[in-house]
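Below is one structure, written out as structure tokens, with a few remarks after it.
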Amino acid sequence: MTSIPLTRTELDVRSVREDFPILRALAHGKPLIYLDNAATTQKPQVVLDRLVRYYTHENANVHRGVHLLSERATDAYEEARKTAARFLHAAETQEIIFVRGTTEAINLVAQTYGRVHVGAGDEVVITVMEHHSNIVPWQMLCDERGARLRIVPMTDEGALRIDSYEALLGDRTRIVAVTHVSNALGTVNPIRRIVEIAHARGIPVLVDGAQAVAHTAVDVQALDCDFYTFSGHKVFGPTGIGVLYGKAALLDAVPPYQGGGDMIRSVSFERTLYNVLPYKFEAGTPNIAGGVGLGAAIEYVEALGFDRIGAHERDLLAYGTRALEGIPGLRLTGTAGDKGGILSFVLDGVHPHDVGTILDREGVAIRTGHHCCQPLMARLGVPATSRASLALYNTRAEIDVLAGALAKVREVFV
Amino acid sequence: MSSALDELYQEVILDHNRRPRNFRTIEEGRHAEGYNPLCGDRLTVYLRIQGDRIQDASFQGSGCAISKASASLMTDIVKGKTIAEAEALFERFHRLITRSVEDPVDDLGKLSVFAGVRQYPARVKCASLAWHTLRAATDARNEVVSTE
Chain A
6 MTSIPLTRTE
16 LDVRSVREDF
26 PILRALAHGK
36 PLIYLDNAAT
46 TQKPQVVLDR
56 LVRYYTHENA
66 NVHRGVHLLS
76 ERATDAYEEA
86 RKTAARFLHA
96 AETQEIIFVR
106 GTTEAINLVA
116 QTYGRVHVGA
126 GDEVVITVME
136 HHSNIVPWQM
146 LCDERGARLR
156 IVPMTDEGAL
166 RIDSYEALLG
176 DRTRIVAVTH
186 VSNALGTVNP
196 IRRIVEIAHA
206 RGIPVLVDGA
216 QAVAHTAVDV
226 QALDCDFYTF
236 SGHKVFGPTG
246 IGVLYGKAAL
256 LDAVPPYQGG
266 GDMIRSVSFE
276 RTLYNVLPYK
286 FEAGTPNIAG
296 GVGLGAAIEY
306 VEALGFDRIG
316 AHERDLLAYG
326 TRALEGIPGL
336 RLTGTAGDKG
346 GILSFVLDGV
356 HPHDVGTILD
366 REGVAIRTGH
376 HCCQPLMARL
386 GVPATSRASL
396 ALYNTRAEID
406 VLAGALAKVR
416 EVFV
Chain B
11 MSSALDELYQ
21 EVILDHNRRP
31 RNFRTIEEGR
41 HAEGYNPLCG
51 DRLTVYLRIQ
61 GDRIQDASFQ
71 GSGCAISKAS
81 ASLMTDIVKG
91 KTIAEAEALF
101 ERFHRLITRS
111 VEDPVDDLGK
121 LSVFAGVRQY
131 PARVKCASLA
141 WHTLRAATDA
151 RNEVVSTE
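Residue numbers (the working numbering), protein chains in the order written: chain A, 6 to 419; chain B, 11 to 158.
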């Protein structure tokens, strides 16, 4: 057997860390160990530079002016759209709608596609592990329409019960909305299969990709999902920008989300003709710099390669799982077979909030609380958990510091 | 452990967290529920009031060490006080946990153990949850008070 030199497929984490200026910071006098990547990711210098370049050399409003700067701004913004389309493997660039983030993307679909297709007595299917952003917009729609929200259960390990999912789908199911990767458990859901099962009954599927896109390659055509959403800030881009992917035929057939400039072809007081995709869904001056910055972030992760990123994060997750399992009184929540870089846990006799404060003083940033998943916390029977979430710049040494800091938590409380 | 942590997690606080006092319900009294949406802390404060005086106080619920210890110490301290005295104490307590580090410390007796909270702005709500709930219970408002 020929051996391939490991260096060709390994992520050079040392050099990756150099790309992120904030990782050189201290927190309470200790080196910052940033393990809150599921909440938001840090930004590489290329993204920061791109924002400065945009505002220094290209800033103008898009799709309007005939002047040089407006052309530059429009080119940069539309180039970012092409980058996002390539990133998701969308069939067409017009299927990429820029939005504020995943939350707005899901609200957009609920308020356009949902209001057209969901009526009294109909059903919307979501899962028990959804983030509030993939629960509340559907709940609002169901309340308005007299429709019913149905919930796919999961196993104690945190895997969706696909048999129950299949049984939940019926004549009245109008849409399925499911997370690709759980922010609180790390579970990677079998999206291809979930879509297949729904499509066999003619039901479209929206996938919340907020926790997926920084960690794994996404091919919306291979998944065959109808809508896919993500937030730029969770994939090393700026806040306030995100993407809704939707199949052109579905987006074309529903009314606009918000009215205003840019989304129209012509306006009179009698009648307005709407613009074509994607502009139909982008009323008002968009977050141009955000879009351009997101494009730079996508190019950054693409250059590193998801094969390398994935291998690195899998190694960290395995290492972190072993390290945390060795801590007395610690119980991991979320141990599904297919899992992303989330280490969610409860520590006997210590409230997560206290864990978070003590870790913070050691320079370790984690999230504690319900992770915007209160129904999931109820299912797990805990008020809150502590969560360390990994990204491509984290290291085994950082996991060691986390484990050491958790030992200190036990010293204080146990 | 750093000195700021020592100051936050004083032995008295850890002790009240481990063994909360007045951790029970009071039948035939008033109660109010307090909720901190940030961390999911939820507690109920029970009062028995005669005239304008708090005869008995207790609490139930779940929360972090700071919110549990605060509820535990609070229910001890307000017993026998008038509602107005308890309200005045809350105001002094609130100043204690929100004042800047340079400001002089008001001597609040046992409650002074919470002085360290001021270095942790995110934890002020944990320390004040029980007090907000106490205020709601004395107002006899039958609603959930939120720290948000």
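Just so it is clear, CB atoms sit at the ideal spot from N, CA and C, and this is done for glycine as well.
So, residue i versus residue j, is the Cβ gap smaller than 8 Å?
| i | j | result |
| --- | --- | --- |
| Val251(A) | Ile131(A) | In the sequence on display, residue 251(A) carries Gly and not Val. No; because the gap between Cβ atoms is not below 8 Å, this pair is not in contact. |
| Ile196(A) | Leu228(A) | yes |
| Ala215(A) | Phe235(A) | yes |
| Phe350(A) | Leu337(A) | yes |
| His185(A) | Val157(A) | no |
| Ile293(A) | Val57(A) | no |
| Ala389(A) | Gly50(B) | yes |
| His94(A) | Val225(A) | yes |
| Gly300(A) | Gly245(A) | no |
| Arg58(B) | Gly39(B) | yes |
| Thr14(A) | Ala302(A) | no |
| His159(B) | Gly61(B) | Past the boundaries of the shown model lies residue 159(B); chain B is included only from 11 to 158, so the question cannot be answered. |
| Arg415(A) | Gly325(A) | no |
| His220(A) | Gly345(A) | yes |
| Gln20(B) | Val123(B) | yes |
Residues in the same chain with beta-carbon distance under 7 Å from residue i, minus the five sequence neighbours each way, listed in chain order, please.
| i | result |
| --- | --- |
| Ala79(B) | Ile23, His26, Asn27 |
| Tyr279(A) | Pro261, Met268, Ile269, Arg270, Lys285 |
| Gly361(A) | Ile371, Thr373, Ser391 |
| Val133(A) | Ile156, Val157, Pro158, Met159, Pro380, Leu381, Arg384 |
| Leu83(B) | His26, Lys120, Leu121 |
| Ser8(A) | With a pLDDT of 49 at Ser8(A), under the threshold of 50, the modelled position of this residue cannot be trusted, and the question is left open. |
| Val134(B) | Ile107, Thr108, Val127 |
| Leu154(A) | Val129, Ile131, Trp143, Gln144, Cys147 |
Indicate whether at least one CB of chain B lies closer than 8 Å to the CB of residue i.
| i | result |
| --- | --- |
| Thr1(A) | Since the first and last residues shown for chain A are 6 and 419, residue 1(A) lies out of range. |
| His375(A) | yes |
| Arg366(A) | yes |
| Val417(A) | yes |
| His136(A) | no |
| Asp224(A) | no |
| Ala389(A) | yes |
| His356(A) | yes |
| Asp359(A) | yes |
| Ser8(A) | With a pLDDT of only 49 at Ser8(A), under the threshold of 50, the placement of this residue in the model should not be trusted; the figure read from the coordinates follows. Answer no: the Cβ-Cβ gap between Ser8(A) and chain B never drops below 8 Å. |
Just to check, is the beta-carbon of residue i closer than 7 Å to a non-hydrogen atom of the ligand ADP?
| i | result |
| --- | --- |
| Ala215(A) | Among the ligands in the structure shown, none appear at all, so the ligand ADP cannot be discussed. |
Is the Cβ of residue i closer than 8 Å to any Cβ of chain A?
| i | result |
| --- | --- |
| Tyr45(B) | no |
| Ala14(B) | yes |
| Ala137(B) | no |
| Gly73(B) | yes |
| Tyr133(B) | Inspection of the sequence shows that residue 133(B) is occupied by Arg rather than by Tyr. Yes, its Cβ sits closer than 8 Å to a Cβ of chain A. |
| Gly126(B) | no |
| Leu53(B) | no |
| Ile48(B) | Per the sequence presented here, residue 48(B) reads as Leu, with Ile not at that position. Cβ-Cβ to chain A under 8 Å: yes for Leu48(B). |
| Leu83(B) | no |
| Tyr56(B) | no |
| Leu24(B) | yes |
Hey, could you find the ends of the alpha helix (DSSP H) residue i is sitting in?
| i | result |
| --- | --- |
| Gly325(A) | 311-330 |
| Asp80(A) | 73-93 |
| Thr108(B) | 93-108 |
| Ser13(B) | 13-18 |
| Asp24(A) | No alpha helix (DSSP H) holds Asp24(A); DSSP gives it neither H nor E. |
| Ile363(A) | 357-366 |
| Phe124(B) | No alpha helix (DSSP H) contains Phe124(B), which DSSP labels as neither H nor E. |
| Thr85(B) | 75-88 |
| Phe418(A) | 401-418 |
Taking 6 Å as the limit between beta carbons, can you name the residues of its chain near residue i, skipping five residues before and five after?
| i | result |
| --- | --- |
| Ile38(A) | Gly368, Val369, Glu403, Val406 |
| Gly126(B) | Glu17, Leu18 |
| Ala203(A) | Val181, Val210 |
With a threshold of 8 Å on Cβ separation, who are the neighbours of residue i within its own chain once the five nearest residues in sequence on each side are excluded?
| i | result |
| --- | --- |
| Thr85(B) | Arg31, Asn32, Val55, Ala67, Ser68, Phe69, Ala140 |
| Ala341(A) | Thr160, Glu162, Gly163, Ala164, Leu190, Gly191, Thr192, Val193 |
| Val21(A) | Leu309, Leu397, Tyr398 |
| Met6(A) | For Met6(A), the predicted model reports a pLDDT of 44, less than 50, meaning its position is unreliable; a value from the coordinates is still stated below. Cβ within range, chain order: n/a, list empty. |
| Leu174(A) | Val130, Val181, Ile202, Ala203, Arg206, Ile208 |
Which first and last residues belong to the beta strand (DSSP E) in which residue i is found?
| i | result |
| --- | --- |
| Gln60(B) | 51-60 |
| Ile101(A) | 101-104 |
| Glu43(B) | 40-46 |
| Thr390(A) | 390-394 |
| Ser138(B) | From DSSP, Ser138(B) is part of no beta strand (DSSP E) but of the alpha helix (DSSP H) over 134-148. |
| Ala383(A) | Per DSSP, Ala383(A) belongs to no beta strand (DSSP E); it is in the alpha helix (DSSP H), 379-385. |
Kindly indicate if chain D contains any beta-carbon less than 8 Å away from that of residue i.
| i | result |
| --- | --- |
| Met382(A) | This model lacks chain D altogether; the protein chains it does include are A and B. |
*Along the chain, which unbroken stretches of the alpha helix (DSSP H) at least 4 residues long are found entirely within the stretch 115-157 of chain A?*
141-150
*asked:* Just to confirm the assignment: which complete alpha helix (DSSP H) runs, minimum length 4, are found wholly within the stretch 233-298 of chain A?
replied: 253-257
_Minimum length 4: unbroken alpha helix (DSSP H) runs contained in the stretch 156-222 of chain A_ = 167-173, 196-204
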